[in-house]
Structure formats: C-alpha cells, structure tokens
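J.: Quick one: the structure is below, and I'll ask about it shortly.
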Amino acid sequence: MHIQILKSKIHRVKITQAELHYVGSITVDEDLMDAANIIENEKVQIVNINNGERLETYVIKGERGSGMICLNGPAARKAQVGDVVIIISYASMDFEAAKKYKPVVIFPDDHNKVI
Numbered sequence: 043m044h045i046q047i048l049k050s051k052i053h054r055v056k057i058t059q060a061e062l063h064y065v066g067s068i069t070v071d072e073d074l075m076d077a078a079n080i081i082e083n084e085k086v087q088i089v090n091i092n093n094g095e096r097l098e099t100y101v102i103k104g105e106r107g108s109g110m111i112c113l114n115g116p117a118a119r120k121a122q123v124g125d126v127v128i129i130i131s132y133a134s135m136d137f138e139a140a141k142k143y144k145p146v147v148i149f150p151d152d153h154n155k156v157i
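Here my numbering is used: the first residue of the sequence shown is 43, the next is one more, and so on.
See below:
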C-alpha cells in the first residue's frame, strides 16, 4: 500500500507578485526551493493564510536570493501581494517507509529569506 505524506513545507512566506497574464504556476526563490527540497516543476499545494484559498500548481525557479513568491496565471486571482501562504509538497510512499520519513519544513523570515 502507498500513501501520500508531507514531503516538504515552506511555512509562511509573503506573496511578492501576482502575474495574471502568465502561463501558470508559482515562482519561488531558488534558495527557498533548495532549503525545502522542492524542485522545479514539482506539484505543490498553496494555502493562503489571509483568505483561506487552497490551490495546486507547479513550481518554477525564481531568482536566487530575491525572496520572490509570485503566483502566475489564474492562481494570481487567489492571493494579493502581501498575503501569507504556506507551500506544501507531498510524496507517495510505501506505508512502512512513510512511517520513517522525516519531512523538510522551513520557516523563512519576514523577507522570505532562509533562516
């Protein structure tokens, strides 16, 4: 049996941009991606603390060290600049392996920088 478990989480970052006229995705500072063990094109869930919106999309690399968190395409309507979000990725694992897996959770500072 395989189950879905938490793989990675970027806990509480601020939206820095929203680009409606874009193909779609979320752009994330590459430093944050590395720290959270998230790769480009990985599926993620975005949870907006400010308005309760939840959505799924995929990650594209943002400029390293920029603190960028940009919702692109239709997702841009789900948050405003300054909203605080949680970015979550999941993995499918064998039940026994999942019991031993330790997710990567990071807590960036108020400027979306890795602490």
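A virtual CB, placed ideally from N, CA and C, is assigned to each residue, including glycine. Note that this is a predicted model, so its numbers are computed, not measured.
1) Could you check the C-alpha separation between SER134 and GLN59 for me, to the nearest Å?
2) Assuming contact is defined by CB atoms lying nearer than 8 Å, are ILE111 and ASN83 in contact in what I supplied?
3) Check the C-beta distance from LYS56 over to ILE130 and give it rounded, since I have them as a contact under 8 Å.
4) Given a cut-off of 8 Å, decide if ASP125 and ASN79 are closer than it, judged by their beta-carbon atoms.
5) Quick one, are the C-beta atoms of GLY169 and VAL65 less than 8 Å apart?
6) Please go through the region 62-96 and give each complete alpha helix (DSSP H) segment of 4 or more residues, from N-terminal end onward.
7) Could you tell me which of TYR100, ARG119, ILE45, LEU97 sits nearest to GLU61, measuring between CA atoms?
8) Using CA atoms only, rank isn't needed, just tell me which of ILE47, THR69, ILE157, HIS53 is closest to ALA117.
9) Can you tell me whether ASP158 is buried or exposed? The criterion is at least 16 other CB atoms within 10 Å of its CB, across all chains shown.
T.: Here's the rundown:
1) Approximately 31 Å between the Cα atoms of the pair.
2) Remark: C-beta atoms of ILE111 and ASN83 do not approach each other more closely than 8 Å.
3) 16 Å between Cβ atoms; not a contact.
4) Contact: no.
5) For residue 169 there is no data in the structure shown, the boundaries of the chain being 43 and 157.
6) Fully enclosed alpha helix (DSSP H) runs of 4 or longer: 72-78.
7) Taking the Cα of GLU61 as reference, the smallest distance to any Cα among TYR100, ARG119, ILE45, LEU97 is reached at ARG119.
8) When only C-alpha atoms are compared, the closest one is THR69.
9) An answer regarding residue 158 cannot be provided, because it is not within the stretch 43 to 157 covered by the chain.
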